[in-house]
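Residue numbers (the numbering used here): 11 to 186.
Below is the structure:
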């Protein structure tokens with residue numbers, strides 16, 4: 011039964027996560043944390059942070075990790091299959107239709123209408139992570155890390171993986 015749950019959780023998250031990784035993350039979080047309870051929000055946030063620092067698509071990294079944690083190597087294989095299956099099915103079934111209707115105004119309008127929804131989903135997830143950080147390390151440490159991350163990413167254009175590593179080092183040395 012656990013393999014079916016893993017497959018369904020990642021299949022539905024990735025089939026509804028139109029646009030790639032960022033739209034899929036809140037859907038995966040909902041399944042993994044809220045629906046099945048395989049992880050806490052804090053654990054999911056930690057896995058997401060490490061997964062963002064590694065190369066390759068985020069959804070496959072999350073699927074591999076969660077699947078392995080829940081049901082070992084077979085669980086990781088099932089979750090990975092469920093993650094790539096929607097894309098494979100869509101590519102096979104819709105590649106011809108995409109070429110036919112690529113310039114249709116309805117298709118362009120549909121893709122534009124998805125963007126605000128993705129923004130809201132990511133905003134809600136960010137808010138939940140912020141509350142978890144404040145609860146875990148307090149307002150002061152959260153503010154220091156947030157401002158430092160913003161400056162490193164936006165002003166000095168440091169690679170996100172380095173910012174994550176610096177935040178981990180900060181936590182190791184200054185937060186206990």
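Every residue gets a Cβ at the ideal spot worked out from N, C-alpha and C, and that includes glycine.
Could you check how far apart the C-beta atoms of residue 152 and residue 168 are, in whole angstroms? I think they sit under 8 angstroms.
That pair is no contact at about 19 angstroms.
Using 8 angstroms as the threshold, is the C-beta distance between residue 90 and residue 63 below it?
Pairing residue 90 with residue 63 gives a Cβ-Cβ distance that is not under 8 angstroms.
Nearest by alpha-carbon distance to residue 19: which of 28, 11, 38 is it?
It is 38 whose Cα lies nearest to the Cα of residue 19.
Alpha carbons only, please: which of 185, 24, 176, 16 is nearest the one belonging to residue 82?
Put simply, of 185, 24, 176, 16 the residue whose alpha carbon is nearest the alpha carbon of residue 82 is 16.
Nearest-angstrom beta carbon gap, residue 134 and residue 36 [assumed within contact, 8 angstroms]
Yes, they are in contact, since the Cβ atoms of residue 36 and residue 134 sit about 7 angstroms apart, within 8 angstroms.
Of the listed residues 177, 150, 142, nearest to residue 159 (C-alpha basis)
Per the Cα distances, 177.
Given 7 angstroms as the limit, tell me if residue 13 has its C-beta closer than that to any heavy atom belonging to the ligand COA.
Here there are no bound small molecules, and the ligand COA is not part of this structure.
Can the beta-carbon of residue 106 be found closer than 8 angstroms to that of residue 67?
No, these two residues do not count as a Cβ contact at 8 angstroms.
Looking at the unbroken alpha helix (DSSP H) that takes in residue 19, where does it start and where does it end?
In the DSSP assignment, residue 19 falls within the alpha helix (DSSP H) that extends over 12-26.
Exposed or buried, what is residue 136 when buried is set at 16 or more other beta-carbons lying within 10 Å of its beta-carbon?
Flag for residue 136 reads exposed.
For the putative contact between residue 94 and residue 12, defined by C-beta atoms under 8 angstroms, what is the C-beta separation to the nearest angstrom?
Contact doesn't hold; Cβ gap of about 20 angstroms is too wide.
Could you pull the start and end residues of the alpha helix (DSSP H) that residue 149 belongs to?
Membership of residue 149 in the alpha helix (DSSP H) is indicated by the continuous run 115-160.
Three-state secondary structure (DSSP) of residue 51
If DSSP states are grouped into helix, strand and coil, residue 51 belongs with the helices.
Give me the Cβ distance between residue 48 and residue 76, rounded to the nearest whole Å; I'm assuming they're in contact under 8 angstroms.
The C-beta distance from residue 48 to residue 76 rounds to 6 angstroms, short enough to fall under 8 angstroms.
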